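Residue numbers (this note's numbering), protein chains in the order written: chain A, 1 to 86; chain B, 87 to 422. Each residue gets a CB set at the ideal place from its N, CA and C atoms; glycine is no exception. This structure is a prediction, so every number in the text was calculated from the model and none was measured. To keep things clear, I will list the structure first and then write my remarks on it.
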Amino acid sequence: MKPEQTFFEDPALDRAFGVLMALAQEVWVLRDRVKAMEEQLAERGVLDPKKLSEEPATDERAAEREAFVAHLMQSLAGEQQSKGLP
Amino acid sequence: MIDGRSFAAGQAFLLSVKTHWTRAIYPAVRAEYDKSNDLFQKNTLYRYFCWLERHLQRFKYSGRYGLQPYHAQQREQLEKTLEGAPVELQADPEYPDYYTAIDIHQHPGGVWSDPIAGFVYERGARSTTPLAGMRHKDLHERLTAAALGGRPAPARILDMACGFGKSTRPFYEALPGAEVEAIDLSAPCLRLAARDAQRAGAGRVRFRQRDATHTGYPEASFDLVTSTMLLHELPPKAVERTLAETARVLKPGGRMVHLDFLPGPDPFDKLVHFGHSRRNNEPFMEPLARTDLAALLGRLGFRDVEIRPFEEADGTLAPGYRYWRFPWALISAERW
């Protein structure tokens with residue numbers, strides 16, 4: 001296969017923007033699916049769309065979210081997680 | 087496995103991004119060009135404009151929700167629908183090098199090598215021009231109206247490079263009594279075109295696998311010869327041979343109408359169009375634009391040569407229209 005055309009000074013940006021667009025497309029595909037599921041569940045009375053959309057009274061998923069953020073940001077620390085070469 | 091909903095959502099996302107590119111990014115790039123210097127190629131927004139044109143098309147055909155993988159997983163059912171389609175195919179077709187060397191439109195395998203290529207191309211063509219669907223009249227119907235308007239109805243029509251038959255359909259629908267010959271190099275596209283014509287009950291149209299540069303029809307055997315988006319796919323010698331063949335098969339007084347892309351003199355229009363040519367794997371747009379078609383047609387035996395901008399949808403030629411569009415041009419002439 002031939003190398004892909006590039007448009008930026010650093011081809012790393014060409015490639016990274018491709019990753020970003022792939023993720024953006026995936027986000028939309030998931031949003032579309034979640035919405036369709038909500039509609040179908042609401043039609044069958046399984047789900048209350050109003051309750052689903054209102055602001056929660058308590059922070060329902062704080063611990064899970066913090067774990068998610070910790071994992072997301074972990075790479076920024078730049079520290080080895082196992083004993084290795086300097 | 088790509089399910090139908092995810093495919094539709096994935097493709098719809100790409101079309102929405104392309105629509106934004108057409109309506110928001112393109113005019114902004116134009117504005118930056120107008121106030122820039124000769125270093126415009128380094129302009130950041132222009133780089134994103136180019137990146138998006140190249141890669142949205144890649145995602146559309148080859149990506150996770152691409153046309154090629156989605157149709158490939160339905161291969162058996164799709165091929166079954168083509169069985170018995172009335173089409174004349176060559177046992178051992180010879181394809182020109184320019185046709186096989188590059189996958190046009192970034193369509194993997196091109197429009198010819200995979201038996202399902204016609205389906206992939208047809209689906210892809212629905213979203214080639216993001217704004218076209220928003221207006222009432224399809225460009226192929228507009229071409230048919232332009233080709234037939236104000237003249238006696240042609241009895242025999244040749245549609246060169248008919249693809250999957252989108253350009254041929256308005257002719258056989260508008261003139262059910264005319265004999266319409268439609269030719270293309272792509273067997274998968276011809277089979278789809280023939281299947282759809284049969285389903286539409288069109289009796290007097292024939293689809294044949296032939297090269298527009300040497301069609302095999304007798305001299306002076308057509309009243310009208312047309313093509314849509316053919317010439318820009320051809321290297322200059324093949325353009326000349328195609329127009330010479332057009333002259334050969336037309337009756338004296340017969341008419342040719344080729345619809346294609348020819349940018350005007352504006353340097354920005356040329357930059358965008360020739361860049362599109364490279365980014366969309368269609369390398370011959372620039373040589374076509376540099377060809378003196380009027381002189382060539384005169385030498386080949388045509389008169390009343392007219393090359394004019396073509397309004398592919400309502401309002402696209404209006405002053406102040408500022409969204410991206412192809413530089414559509416109608417190239418017409420009459421055979422001596």
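Within-8 Å CB hit, Met37 of chain A to chain B: No, Met37 of chain A does not count as interfacial toward chain B.
Does the beta-carbon distance from Arg408 of chain B to Pro155 of chain B come in below 8 Å? Not closer than 8 Å, so no.
How far does the beta strand (DSSP E) with Met246 of chain B in it extend, from its first residue to its last? From DSSP, the beta strand (DSSP E) with Met246 of chain B extends over 242 to 246.
If we cut at 8 Å on Cβ distances, does Asp10 of chain A have a partner in chain B? With 8 Å as the cut-off, Asp10 of chain A does not count as an interface residue toward chain B.
Can you give me the C-alpha to C-alpha distance between Ala419 of chain B and Arg389 of chain B, rounded to a whole angstrom? In a straight line, the C-alpha of Ala419 of chain B is about 6 Å away from that of Arg389 of chain B.
Assess contact between the stretch 309 to 324 of chain B and the stretch 180 to 191 of chain B, defined as three or more Cβ pairs (one per stretch) separated by less than 8 Å. Is contact present? Contact between the stretch 309 to 324 of chain B and the stretch 180 to 191 of chain B is present, because at least three Cβ pairs lie under 8 Å.
Would you report the Cα separation of Gly84 of chain A and Ala70 of chain A, rounded to the nearest angstrom? So the two alpha carbons sit approximately 22 Å from each other.
Determine, using beta-carbon pairs with one atom in the stretch 206 to 217 of chain B and one in the stretch 231 to 241 of chain B, whether at least three such pairs fall under 8 Å. They do not touch, by the three-pair rule.
Residues bridged to Trp414 of chain B by DSSP? DSSP lists B:Phe347 as partners of Trp414 of chain B.
Residue from B:Ala415, B:Phe126, B:Ala247 whose Cα sits closest to the Cα of Leu348 of chain B: Looking at the Cα atoms, B:Ala415 is the closest of the given residues.
Rounded to a whole number of angstroms, what is the C-alpha to C-alpha distance between Leu101 of chain B and Lys146 of chain B? Going by C-alpha positions, Leu101 of chain B is about 9 Å away from Lys146 of chain B.
Could you give the uninterrupted runs of the alpha helix (DSSP H) lying entirely in the stretch 305 to 389 of chain B, keeping only those of 4 residues or more? Qualifying alpha helix (DSSP H) stretches, in chain order: 322 to 335, 353 to 365, 371 to 376, 379 to 385.
Tell me which same chain residues have a C-beta within less than 7 Å of the C-beta of Arg133 of chain B, skipping the five on either side of it? Around Arg133 of chain B, the same chain offers no residue with a beta carbon nearer than 7 Å, after the five sequence neighbours per side are excluded.
Would you mind telling me which residues of chain A sit closer than 7 Å to Trp410 of chain B, beta carbon to beta carbon, in chain order? Within 7 Å Cβ-Cβ: nothing; Trp410 of chain B doesn't reach chain A, min ~17 Å.
In chain B, which residues lie with their C-beta within 8 Å of the C-beta of Val29 of chain A? Per Cβ cutoff of 8 Å: Ser92, Ala95, Gly96, Phe99, Tyr151.
Which stretch, first to last residue, makes up the alpha helix (DSSP H) that contains Gln163 of chain B? Gln163 of chain B -> alpha helix (DSSP H) spans 161 to 167.
Tell me, which residues are paired with Pro395 of chain B by DSSP? Pro395 of chain B is bridged by DSSP to B:Ala415.
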